[in-house]
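Chemist: Structure incoming, see below.
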Amino acid sequence: MNKRLLAITIAASLAAPLTVMAEGAEIYGIAHVTVDKISVDDGSANAEGWFVTSRNSRLGVKGSEDLGGGLKAVYKMEFGVAMDSGGGLTGRNQYVGLSGGMGTVLLGRHDTPTKMVQGKFDVFNDTIADMATTATHAGVSGDIRADNVIAYLSPKMGGMQMIVALLPGEGNTTLTPACTGTSPCDGISDGVSVSFTYEAGPLYVGAALDSGDIVADNMRLAATYNMDALQVGFLYNTKSDDAGDDTDFTDDEKAMGLSAKFAMGDNAVKAQYISVTDFGGTANADGTNMTFGYDMNMSARTTVYALLNMYSPDVAGGPSEDETALSVGVSHSF
Amino acid sequence: MNKRLLAITIAASLAAPLTVMAEGAEIYGIAHVTVDKISVDDGSANAEGWFVTSRNSRLGVKGSEDLGGGLKAVYKMEFGVAMDSGGGLTGRNQYVGLSGGMGTVLLGRHDTPTKMVQGKFDVFNDTIADMATTATHAGVSGDIRADNVIAYLSPKMGGMQMIVALLPGEGNTTLTPACTGTSPCDGISDGVSVSFTYEAGPLYVGAALDSGDIVADNMRLAATYNMDALQVGFLYNTKSDDAGDDTDFTDDEKAMGLSAKFAMGDNAVKAQYISVTDFGGTANADGTNMTFGYDMNMSARTTVYALLNMYSPDVAGGPSEDETALSVGVSHSF
Amino acid sequence: MNKRLLAITIAASLAAPLTVMAEGAEIYGIAHVTVDKISVDDGSANAEGWFVTSRNSRLGVKGSEDLGGGLKAVYKMEFGVAMDSGGGLTGRNQYVGLSGGMGTVLLGRHDTPTKMVQGKFDVFNDTIADMATTATHAGVSGDIRADNVIAYLSPKMGGMQMIVALLPGEGNTTLTPACTGTSPCDGISDGVSVSFTYEAGPLYVGAALDSGDIVADNMRLAATYNMDALQVGFLYNTKSDDAGDDTDFTDDEKAMGLSAKFAMGDNAVKAQYISVTDFGGTANADGTNMTFGYDMNMSARTTVYALLNMYSPDVAGGPSEDETALSVGVSHSF
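Protein sequences appear in the order of chains A, B and C.
According to numbering that gives the first Met the number 0, the first sequence is numbered sequentially starting from 0.
According to numbering that gives the first Met the number 0, the second sequence is numbered sequentially starting from 0.
According to numbering that gives the first Met the number 0, the third sequence is numbered sequentially starting from 0.
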């Protein structure tokens with residue numbers, strides 16, 4: 000190696016960025032913005048029209064540290080970014096914990112196991128047709144990101160995994176009926192969410208349950224199956240009354256969903272059907288969401304897509320107009 | 000190459016940080032804080048005195064991904080940081096989009112083309128004497144960072160570029176007069192901002208216009224010219240009434256500015272004059288801002304500066320006291 | 000060097016992350032969450048129970064730039080992250096400044112010298128037993144992070160350092176009594192905080208004082224001494240009345256603290272005693288905090304710990320119940 004080559008070599012090394020960051024740290028995010036045209040049958044002001052909307056855009060840092068003996072420290076701080084309206088950051092999943100052969104324990108803020116159990120069912124996740132859409136659009140309940148979480152994720156054994164999240168109530172006084180007197184919500188498990196999942200080749204199935212004084216009794220079943228380029232999915236979700244929970248239903252709510260995604264080279268065609276009965280526990284407040292979409296994957300990180308979402312309510316005494324949304328979006332992961 | 004050299008080479012490479020970040024991602028920011036001494040002729044309490052102020056300090060992540068075929072995905076998430084008072088982050092320009100030979104399309108939140116057309120005119124940009132100072136200080140209107148932007152930037156052809164931003168009103172109900180009834184502000188272009196710029200060697204000229212129901216009718220002309228170490232600039236800006244806009248002027252406002260910057264080695268002497276007539280559309284509410292400054296560029300990234308800003312109002316029935324600000328600041332880009 | 004080796008060398012260099020970041024920039028943070036069991040003698044609702052709490056978790060960027068001639072630009076933007084409840088970021092120390100042989104000048108937001116003078120005294124810093132606990136728990140006053148700071152840090156000479164922070168009042172109108180009329184709080188030093196510290200081998204001593212119209216008159220003495228694996232510490236803090244300050248005590252408050260930390264290999268046993276007299280300036284409102292803890296340092300960056308904190312008030316007419324907290328936490332620095 001002559002001196003000139005050595006100089007090149009060292010220069011090349013030094014040209015690498017001189018950022019100092021902890022080993023294993025990763026900065027990441029998703030920039031996802033859509034242009035939406037929404038039409039309402041009765042032409043309701045402020046509901047229909049054109050919209051530019053940030054769709055769960057996010058920015059985060061995460062990482063792990065090898066502690067030896069098969070043990071790792073893990074952490075994540077993820078923030079929501081309202082790229083259309085420029086508010087400050089909001090909190091998403093944020094935790095610190097330890098991971099080893101016996102599983103992982105996380106402390107912080109996290110999606111409940113019931114939310115996570117959907118797996119890849121929702122082929123319109125993070126879009127205007129996300130299955131957890133707003134109350135007037137017949138979305139599926141149970142997609143909760145909980146504060147004050149103590150979570151345990153078992154190792155995967157034979158494709159099976161259990162996840163448990165304990166949710167201390169921390170004396171929450173904002174619930175109806177309030178956590179007071181004989182039910183002070185000061186325990187370590189005022190809310191509990193637990194899921195069981197099983198993966199075997201093309202099959203994924205999961206079941207989950209929320210219960211306790213500070214969460215509604217959500218129950219969720221989900222399954223997806225891959226046949227070559229086609230993925231099909233099924234979801235069933237119920238939410239029921241529970242004295243002391245934060246919504247105090249008088250009736251049960253049920254939701255059922257079917258999804259399909261068909262890959263064509265780099266692109267994909269997608270369809271999804273969600274049907275909700277007695278939405279929010281209101282008798283006879285039903286509705287369906289039907290969505291069709293086309294994804295152009297410009298790269299592994301960049302997708303341009305279009306979708307058509309049709310919401311059809313069947314509500315006694317509630318909003319009863321059909322609504323159609325055409326949404327064109329760009330999603331870029333970094 | 001002997002083994003020792005190889006070892007050095009590999010060690011140097013491995014010593015590079017182990018951060019994982021998407022290719023092309025960049026974290027950047029500006030830390031800019033000033034110490035200001037403000038004097039008001041009548042000694043108004045709470046207006047005069049000493050101040051430590053963060054001046055548009057910011058932190059962001061931006062990047063691009065090569066999608067092949069001349070196409071790129073581009074994104075930016077930029078946040079304001081109140082380094083003097085420690086609030087949370089605020090949103091600045093934030094977008095995701097695609098860029099190719101036919102130009103660039105961005106979705107999100109962005110300065111309007113009218114704001115951008117100023118180019119390098121404002122030699123006191125981001126200081127206490129920024130041309131867009133507060134309402135009582137005869138600042139230039141039209142420096143808008145808009146939510147819900149669909150922007151198109153043409154390629155530069157022969158030094159010329161066009162930028163268009165469409166601003167959907169999204170049923171905005173906070174305007175005066177409100178966007179309701181026959182004017183529901185539910186279109187894709189309830190506001191439009193468009194600019195044309197031309198650059199040729201030392202010359203830069205630009206013209207821009209805002210119009211629509213959700214923005215005032217701002218019109219802006221800007222030009223800068225470089226003569227060796229000297230840059231001179233000119234700006235003309237008008238804001239006029241428009242039924243349905245968000246300010247509902249009863250009169251027009253006009254602003255005119257002249258700026259000069261003279262480089263002396265690493266340092267620079269700067270001067271700027273802004274004159275505003277009928278500020279905020281109030282007849283006979285005039286004023287001028289005269290600013291002199293000296294920049295010591297400690298490096299390409301770090302500047303220490305001092306400036307003297309003199310505000311002279313000529314307002315019938317309004318604040319009428321002269322105000323003088325001496326501001327010493329440090330600005331560091333990273 | 001043959002071509003193959005050259006290729007390996009260059010490949011290794013290129014394999015380094017392609018992040019672009021300013022030279023010397025560092026992204027860092029602490030993810031620190033605890034599970035706490037709090038018991039109150041009288042079983043007060045909403046005070047006792049189980050809690051998951053983020054403990055001063057943070058995320059920041061900091062760096063420096065060599066300006067030549069012994070001069071550096073320095074900056075930091077540090078944010079608090081509520082990892083348990085997912086709010087947005089909050090501001091912590093944030094500044095930009097210059098550092099050279101004559102010392103360092105910082106502008107922005109920073110802990111006062113009086114806060115910093117504690118050095119390593121508080122062996123439960125950032126835990127539930129942080130010496131600056133809430134008003135009802137006999138914490139030590141004077142741990143202030145001030146807005147609008149102009150700080151000067153002298154170079155260390157013979158182990159001695161002086162730090163001065165000037166705090167302009169900026170016409171603050173929220174104080175009691177208000178900064179108005181003859182006391183408009185518009186100066187550059189409406190508050191001043193100054194500290195002197197001395198380090199020599201195992202010994203650290205420091206003294207600091209706050210004074211002025213916008214801060215209480217806090218006075219603090221701190222000392223730590225290391226004897227092999229044992230560190231012992233002492234703290235004395237007083238807060239006294241001052242017309243025009245923001246708390247308007249009618250009595251003085253005094254606090255005294257003792258701490259000890261004993262390293263056992265990678266782990267450590269810790270104990271701390273804090274006694275406060277006339278808390279908040281209320282005569283006969285006394286209390287003590289006694290804390291014992293055990294740290295398991297899983298690595299230089301990851302600590303798992305448990306602590307027991309016992310608060311014993313002795314308050315005439317105030318909260319008078321003993322409180323016990325058991326806190327188990329994970330803290331990971333990155």
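Glycine is no exception: its CB is placed at the ideal position from the N, C-alpha and C atoms.
Out of C/T126, C/V329, C/S274, which one is the CA nearest neighbour of C/M295?
Modeler: C/V329
Chemist: For the 8 Å Cβ check, are there 3 or more pairs between the stretch 64-84 of chain A and the stretch 86-96 of chain B?
Modeler: Taking 8 Å as the limit for Cβ pairs, the verdict is that the stretch 86-96 of chain B does touch the stretch 64-84 of chain A.
Chemist: Assuming C/K61 is part of the beta strand (DSSP E), what are its boundary residues?
Modeler: 57-67
Chemist: Cα separation between C/G23 and C/M289?
Modeler: Approximately 42 Å, taken between the alpha carbons.
Chemist: Taking CB distances under 8 Å as the criterion, tell me whether B/E47 reaches chain C.
Modeler: yes
Chemist: In whole angstroms, what is the alpha-carbon distance linking C/W49 and A/G170?
Modeler: The alpha-carbon atoms of C/W49 and A/G170 are separated by roughly 9 Å.
Chemist: Here's a check: name, in chain order, each residue in its chain whose Cβ is nearer than 6 Å to the Cβ of B/G138, leaving out the five neighbours to either side.
Modeler: Only A131, T132 meet the Cβ criterion.
Chemist: Any residues in the stretch 123-149 of chain A with a beta carbon nearer than 8 Å to a beta carbon of chain B? Which ones, in chain order?
Modeler: none
Chemist: Would you list, in sequence order, the uninterrupted beta strand (DSSP E) runs of no fewer than 3 residues that lie entirely inside the stretch 48-125 of chain B?
Modeler: 48-53, 57-67, 70-79, 89-99, 102-110
Chemist: With a cut-off of 8 Å, does the C-beta of A/S298 fall near any C-beta of chain B?
Modeler: yes
Chemist: DSSP three-state call for B/D313: helix, strand or coil?
Modeler: strand
Chemist: Label A/Y304 either buried or exposed according to how many other C-beta atoms from any shown protein chain fall within 10 Å of its C-beta, with 16 as the threshold for buried.
Modeler: buried
Chemist: Just to confirm my understanding: we take B/I7, look at its own chain, exclude 5 residues before and 5 after, and list those with CB closer than 7 Å. What are they?
Modeler: Reliability fails at B/I7, whose pLDDT of 42 lies under 50, so the model's placement of it is uncertain and no value is given.
Chemist: Could you give the distance in angstroms between the alpha-carbon of C/Q160 and the alpha-carbon of C/V204?
Modeler: 11 Å
Chemist: I think C/S153 touches C/G102, with their Cβ atoms under 8 Å apart; what is that distance to the nearest whole Å?
Modeler: 5 Å
Chemist: Under the three-state reduction of DSSP, which class applies to B/S138: helix, strand or coil?
Modeler: For the sequence presented, residue 138 of chain B should be read as Gly rather than Ser. Note: B/G138 maps to coil in three-state DSSP.
Chemist: Is A/T301 close to chain B, meaning its C-beta is less than 8 Å from at least one C-beta of that chain?
Modeler: yes
Chemist: By Cβ distance below 6 Å, which residues in the same chain neighbour B/V314 in space, the five residues on each side in sequence not counted?
Modeler: Beyond the five residues adjoining it in sequence on each side, B/V314 comes within less than 6 Å, by CB distance, of A284 in the same chain, given in chain order.
Chemist: Counting along the chain, where does the beta strand (DSSP E) carrying C/S38 start and finish?
Modeler: 25-39
Chemist: What's the gap between the Cα of C/N147 and the Cα of A/D35?
Modeler: 43 Å
Chemist: Let me check understanding here. Comparing Cα to Cα, which of C/G87, C/R144, C/T323, C/Y272 lies closest to C/D121?
Modeler: C/Y272
Chemist: Could you compute how far the alpha carbon of C/G118 sits from the alpha carbon of C/M255?
Modeler: 15 Å
Chemist: Is the shortest distance between the beta-carbon of C/A30 and the beta-carbons of chain A less than 8 Å?
Modeler: Closer than 8 Å: yes.
Chemist: Check the Cβ-Cβ distances between A/M76 and every residue of chain C, and say whether any is below 8 Å.
Modeler: yes
Chemist: Determine the chain C residues that contact B/F261 at a beta-carbon separation under 7 Å, and present them in chain order.
Modeler: Going along chain C, no residue has its Cβ under 7 Å from B/F261, so there is no contact; the nearest lies around 23 Å.
Chemist: Identify the contact partners of C/L58 in chain A, using a Cβ-Cβ distance below 8 Å as the criterion.
Modeler: V60, M76
Chemist: For a cutoff of 8 Å on Cβ pairs, would you count B/I213 as touching chain C?
Modeler: no
Chemist: A/F278 by DSSP, collapsed to three states: which one?
Modeler: helix
Chemist: Pick out whichever of C/L229, C/M263, C/A270, C/A215 has its Cα sitting closest to the Cα of C/T111.
Modeler: C/A215
Chemist: Can you check whether the C-beta of A/S359 is within less than 8 Å of a C-beta belonging to chain B?
Modeler: In the structure as shown, chain A starts at 0 and stops at 333, and residue 359 of chain A therefore has no counterpart that could be examined.
Chemist: Comparing C-alpha positions only, which one of A/A221, A/G286, A/T276 sits nearest to A/M115?
Modeler: A/A221
Chemist: Rounded to whole angstroms, what is the Cα-Cα separation between A/S274 and A/I162?
Modeler: Near 27 Å, if we compare the C-alpha coordinates of A/I162 and A/S274.
Chemist: So C/S38 and C/E47 are in contact, right, with Cβ under 8 Å, and what is the actual spacing, rounded?
Modeler: 5 Å
Chemist: Does DSSP put A/K155 in a helix, in a strand, or in coil?
Modeler: coil
Chemist: Please look up how many angstroms separate the CB atoms of B/G168 and B/G141, rounded, as I've assumed it's under 8 Å.
Modeler: Actually they are not in contact, since the Cβ atoms of B/G168 and B/G141 sit about 19 Å apart, beyond 8 Å.
Chemist: Would you say C/D40 faces chain A, with C-beta separation under 8 Å as the test?
Modeler: Not an interface residue.
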